[in-house]
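J.:
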Amino acid sequence: MANILVIAEHDGGQLKLATLSAVAFSKRVVVDAGGAFDILVLGENVGGTAESLRNYGAAGVLVADNAQLKSPVADKYAHVIGGVAKQRGSTMVVGAASTFSKDILPRAAALMDAGMVSDVVDVSRDGDDFIFKRVLFAGNAIATVKLEGAVKFLTVRAAAFAHPAKGPDASPVVSITVEADKLPAFIQYDGSEAKVAGRPDSTEARVVVSGGRAIKNAEDFERLVGGLADALGAAVGSSRALVDSGITPNSLQVGQTGKIVAPELYIAVGISGAIQHLAGMKDTKVIVAINKDADAPIFEVADFGLVGDVYSVVPELIEKLKK
Amino acid sequence: MKILVPLKRVPDPDTKIRIQSDGSGIDLDGVKFAVNPFDAIALEEALRIEEKLGEIEIVVVSIGGDECVEQLRVGLAMGADRAVLVKTSESSDSLAIAKILAAVYQREQPDFVLMGKQAIDDDSNQAGQMLAALLGVGQATFVSKLELIENNTKARCGRETDAGIETVTVKLPAILTTDLRLNEPRYVSLPGIMKAKKKPLEEIELASLGVAAVSRTKVLKLEAPPKRKAGVRVKTVDELVDKLKHDAKVI
Ligand SMILES: Cc1cc2nc3c(=O)[nH]c(=O)nc-3n(C[C@H](O)[C@H](O)[C@H](O)COP(=O)(O)OP(=O)(O)OC[C@H]3O[C@@H](n4cnc5c(N)ncnc54)[C@H](O)[C@@H]3O)c2cc1C
Ligand SMILES: Nc1ncnc2c1ncn2[C@@H]1O[C@H](COP(=O)(O)O)[C@@H](O)[C@H]1O
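Protein chains in written order, with the working numbering: chain X, 1197 to 1519; chain C, 17 to 267.
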């Protein structure tokens, strides 16, 4: 039996699709071992987000709606999550492996003296307990682990758990009382940089075009990588080299310490293929590499490799795709 | 002011790790070790704060076997003032590490802790957040910009999130975890190494800290991920477009 609490993630009320991978994980565990799962939405005015989660088979969609929870600050969120998990008798608390979950869930876990497994890619039953697979060492190893304790905290990799289909039955929405005056107040949220609108998020896109050090400046990145992405309706990403040189913002970084993506198609434009980069994209279905160095390691994982200068190949590719 | 900086000994990020054939662990033969890169960034930031404010004690701490002395010496050579090795032969998960660090924190009473967001071997990304919870203090994770404000009673931090940079102000004491772009750590200099030899390095047995820090996580087996096979080389853009359309059917 498992009693799971899924922590929903949203961006100002817009559900992050990775949440559905955590739901898929939970459904799998519940089907296999029995039990039920709830989905918890925290924020301010998140009724719409809760509504969008009602058809996935949760026992309840719990809503902690309070002005104090407007922004996801770890101290307050972890406090509420810990309280709800205790109250509901949760045996597992699950979130998508995102910066949101990574910031908040370990804090909530420690509040409950619970252990945590990050980046889960597989789960199976082992008697009354569970066995998890997780990725570590920059994607160079997969560990099979057990986690002891009455409550287990987990983050799951979005790519490993396909989004569930919506069902006909609607879960009840349950309002959670937030004692606003008891919330910790160590952290004050000051704001976020304005997001560049337009292109999809690389963790949610079907196609991702990523640029590496071959790209010399931000205009070229926009013209080549951005242009190719737009021709394919794709998201853009980049290697750390470009983030370091200030050509791309950190939110584009793909890799061990950036975003983990697993789209249907990943096009690496002038990226060498360091293990830390591969860690973020090697579960892609089809990898294309364009690089002028025929010996670049990226070719060892690419399904289709084209040796050439990105400054001539990419404009030609954009041209031909537009036809 | 005192800053505590945990340093984890990890395989050098540039070495390719191999898994032992029986899946019991990684093959340590010929593996070079280093200070976890994120921890080196944490120490660098502490040193820069010291350069700016002066009169700061920077204490580095590592948890593990005798071999961790090597990484602590690197920390001292970079400029830390004092090192503490908490000796244990057990492998510790992030919760256990957080409990041990909480005990070290109580002993040292630093103004704040600067540490890595993740250890690049286990890639857990948990210990800092857990430590903050155990101590009942604030946290700022994935910090890429740090500024002490209001008479050093608060830290204003830029945090690298999936959506972009977010700014938070956190009361000190707090746990701050570093991201790659916070700074670029200095190299260890020869005079630094010479000076480090005279700096105090204290070794304490885990048992003497009086914390129960048993790992909840049990690793049953390690295996290599399925290997991708290299595909085909195409000669022209036309051929690439054709393959993507008709063979792979992804566009
Ligand atoms: C702790 C740690 C964490 C890290 N995390 C990440 C991470 O999350 N993500 C990440 O990406 N990296 C990460 N890195 C960095 C990683 O090791 C590499 O340094 C980085 O990925 C290299 O980026 P690159 O491939 O763009 O640059 P390079 O390695 O410099 O490669 C550039 C490539 O472009 C090719 N090229 C140059 N000009 C042209 C041209 N005109 N046409 C065609 N090809 C051309 C070259 O042949 C070369 O192969 C991390 C490193 C460390 C130590
Ligand atoms: N054995 C250790 N000794 C010292 N610090 C550690 C140790 N293990 C983890 N840490 C610290 O905790 C951070 C996060 O580790 P992790 O949760 O394992 O990803 C690291 O960057 C270190 O700062």
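Using N, Cα and C, we set each Cβ at its ideal position, and we do this for glycine too.
Can you list, in chain order, the residues of its chain whose CB lies under 8 Å from that of C/ALA228, leaving out five sequence neighbours each side?
T.: LYS115
J.: List, in order along the chain, the chain X residues whose C-beta lies closer than 8 Å to that of C/SER160?
T.: ASN1446
J.: Kindly list, in the order they appear in chain B, the residues whose Cβ is closer than 7 Å to that of X/GLU1512.
T.: Within the model displayed, chain B is absent; protein chains X and C are what it includes.
J.: Along the chain, where does the alpha helix (DSSP H) containing C/LYS103 start, and where does it finish?
T.: In the DSSP assignment, C/LYS103 falls outside any alpha helix (DSSP H) and within the unbroken beta strand (DSSP E) covering 98 to 103.
J.: Quick check: does the Cβ of X/ASN1336 come within less than 8 Å of any heavy atom belonging to ligand 2?
T.: no
J.: On the criterion of 16 or more Cβ atoms from any shown chain inside 10 Å, does C/VAL129 qualify as buried, or is it exposed?
T.: Answer is buried; the Cβ neighbour count reaches 16.
J.: Hey, quick one: how far does the beta strand (DSSP E) through X/PHE1328 stretch, first residue to last?
T.: 1325 to 1332
J.: C/PHE54: beta carbon under 8 Å from a heavy atom of ligand 1?
T.: Yes.
J.: At a cut-off of 8 Å, would you count X/PRO1302 as near ligand 1, judging by its Cβ distance to the nearest heavy atom?
T.: no
J.: List the whole-angstrom C-beta distance separating C/GLY70 from C/THR104, where the pair is believed to meet the contact cut-off of C-beta under 8 Å.
T.: About 35 Å; that fails the 8 Å criterion.
J.: Got a sec: is the Cβ-Cβ distance from C/ASN168 to anything in chain X below 9 Å?
T.: no
J.: Establish whether the CB of C/ASP82 and some CB of chain X are separated by less than 9 Å.
T.: No, C/ASP82 lies away from the interface with chain X (no Cβ there is under 9 Å from its Cβ).
J.: Please indicate yes or no: does the CB of C/GLY180 lie closer than 8 Å to some heavy atom of ligand 2?
T.: Incorrect: C/GLY180 has no Cβ contact closer than 8 Å to ligand 2.
J.: Mind checking if C/THR177 is an interface residue toward chain X, Cβ cutoff 9 Å exclusive?
T.: yes
J.: For C/ARG232, decide whether its Cβ has a neighbour in chain X, counting only Cβ atoms nearer than 9 Å.
T.: yes
J.: Between the beta-carbon of X/PHE1459 and the beta-carbon of X/THR1480, is there less than 9 Å?
T.: Inspection of the sequence shows that residue 1459 of chain X is occupied by Pro rather than by Phe. Yes, they are a contact pair.
J.: If I measure Cβ to Cβ from X/VAL1341 and keep anything under 7 Å in the same chain, skipping five residues before and after, which residues do I get?
T.: VAL1313, PHE1328, ARG1330.
J.: Give the interface partners of C/LYS187 over in chain X, defined as CB-CB distance under 9 Å, in chain order.
T.: The contacting residues are ALA1381, PHE1382, ILE1383, GLN1384.
J.: Per DSSP, what kind of secondary structure is C/GLN122 in: helix, strand or coil?
T.: helix
J.: Residue range of the beta strand (DSSP E) that C/VAL235 falls in?
T.: 233 to 239
J.: So is X/ARG1436 in contact with chain C if we call contact Cβ pairs under 9 Å?
T.: Yes, X/ARG1436 counts as interfacial toward chain C.
J.: Following a CB-centred definition, is X/LYS1488 positioned closer than 8 Å to any heavy atom of ligand 1?
T.: X/LYS1488 Cβ: within cutoff of ligand 1.
J.: Confirm the yes/no value for this check: CB of C/CYS173, any heavy atom of ligand 2, distance under 8 Å.
T.: no
J.: Should X/GLY1469 be flagged as near chain C, meaning a C-beta pair shorter than 9 Å?
T.: X/GLY1469 does not count as touching chain C.
J.: With a threshold of 8 Å, establish whether the CB of X/ALA1458 neighbours any heavy atom of ligand 1.
T.: no
J.: Nearest by alpha-carbon distance to X/VAL1290: which of X/VAL1259, X/GLY1239, X/ALA1475, X/ILE1235 is it?
T.: With distances taken between Cα atoms, X/VAL1290 lies closest to X/ILE1235.
J.: For X/ALA1232 versus C/LEU111, is the C-beta spacing smaller than 9 Å?
T.: no
J.: I need the boundaries of the beta strand (DSSP E) containing X/TYR1385, first residue and last residue.
T.: Looking at the DSSP string, the run of the beta strand (DSSP E) that includes X/TYR1385 is 1383 to 1388.
J.: Could you pull the DSSP bridge partners for C/ILE35 from this structure?
T.: C/ILE35 is bridged to C/ILE42.
J.: Measure from the alpha carbon of X/LYS1488 to the alpha carbon of each residue in X/GLU1418, X/ILE1467, X/VAL1497, then state which is nearest.
T.: For X/LYS1488, the nearest C-alpha among the options comes from X/ILE1467.
J.: Of all the CB atoms in chain C, is at least one closer than 9 Å to the CB of X/ILE1300?
T.: Yes, contact with chain C.
J.: Taking the straight line between their C-alpha atoms, what separation do you get for X/GLY1504 and X/GLU1512?
T.: 12 Å
J.: Where do the N-terminal and C-terminal ends of the beta strand (DSSP E) with X/PHE1349 fall, by residue?
T.: Run containing X/PHE1349: 1348 to 1352, per the beta strand (DSSP E) assignment.
J.: On a CA-only basis, which of X/GLY1335, X/GLY1423, X/SER1371, X/VAL1369 is nearest C/ALA243? Give me that one, please.
T.: In the sequence on display, residue 243 of chain C carries Lys and not Ala. Of X/GLY1335, X/GLY1423, X/SER1371, X/VAL1369, the residue nearest in Cα terms is X/GLY1335.
J.: Run the proximity test for X/PRO1511: is its beta-carbon closer than 8 Å to any non-hydrogen atom belonging to ligand 1?
T.: no
J.: Could you list which residues in chain X have their beta carbon closer than 7 Å to that of C/PRO22, in chain order?
T.: Per Cβ cutoff of 7 Å: no residues; C/PRO22 is ~15 Å from chain X at best.
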